[in-house]
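Going left to right, the sequence shown walks through residues 346 to 425 as this note's numbering numbers them.
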Amino acid sequence: LERYCIATTNKGELTGLIWSFINGTQRSFYQPGRETADQTLFYSSHKKQHTMKFQVIAILDGLIASISGPWEGRMGDWEM
């Protein structure tokens, strides 16, 4: 982690404590069948389609440190 903190400091980050970045992504899919799922859980009014959300923590060399989810598409980013 120290190596990543040094790399962000060299790029202008002032505290020297940042070693990764959090990003959320939404993936759309076809409307689920009525018999398989409650469609309202997955409908994103923002995207106007059915989606699932994922949250990724990526470190500076492009590796993924963590993936969490999926969450329902209607859920806001702060709820993840």
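Positions of the beta carbon are idealized from the N, C-alpha and C atoms, including for glycine.
- Rounded to whole angstroms, the gap between the alpha carbons of Gly-361 and Leu-405 is 13 Å.
- Linking Gly-357 to Leu-346 through their CA atoms gives a straight-line distance of about 17 Å.
- With respect to the 7 Å criterion, Lys-398 and Gln-371 are classified as neighbours on the basis of their beta carbons.
- Runs of the alpha helix (DSSP H) lying entirely within the segment 366-390 and spanning at least 4 residues, in chain order: 384-387.
- For Glu-424, no alpha helix (DSSP H) segment is defined, and its DSSP state is neither H nor E.
- Bounds of the beta strand (DSSP E) holding Ile-404 are 394-404.
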